[in-house]
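Below is one structure, written out as C-alpha cells; comments come after it.
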Amino acid sequence: MKYLERWEKNILIDVIRERRWKMVGHAMRHPEELHNIILEGMIEGKKTARRPRNSYIGQIKCDAKVKTFKELKEKASNRLEWRSGVVN
Numbered sequence: 028m029k030y031l032e033r034w035e036k037n038i039l040i041d042v043i044r045e046r047r048w049k050m051v052g053h054a055m056r057h058p059e060e061l062h063n064i065i066l067e068g069m070i071e072g073k074k075t076a077r078r079p080r081n082s083y084i085g086q087i088k089c090d091a092k093v094k095t096f097k098e099l100k101e102k103a104s105n106r107l108e109w110r111s112g113v114v115n
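Position in the sequence shown counted from 1, then plus 27, gives you my numbering.
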C-alpha cells in the first residue's frame, strides 16, 4: 500500500508542476494583465518583516532552471519552447 501512495503522490506533484508551468507561461505572454503585474511583484505598499519563504515565482525559476526573472520572461516569450519545457 505504501508504494501505491508514494506513486500517486509523485503523479500529483507532476500534475501540479505542469499546470503551474502552463499558467505562468500564459500569464507572462500577456504583460498588460493583472496576473502578470502580480507575478512581477510590482504591487505598491510595504512588505511585512518575515523570514523569506520560497515564493511562487522562485519555484517557477527553479523548475525552469533559470536565475533571473528576465531569463524566465525570455523563455516564456517563445510559446513552443515553453510548452516543450512542460513535457520535459
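For each residue, glycine too, the CB sits at the ideal point set by N, CA and C.
Tell me whether the beta-carbon of Met116 lies closer than 8 Å to the beta-carbon of Ala103.
Absent from the structure is residue 116, since the part of the chain shown begins at 28 and ends at 115.
In its own chain, which residues sit with a C-beta less than 7 Å from the C-beta of Ile38, not counting the 5 before and 5 after it?
none
What is the DSSP secondary structure of Ser111, reduced to helix, strand or coil?
helix
Nearest-angstrom Cα separation, counted from Pro58 out to Lys29
45 Å
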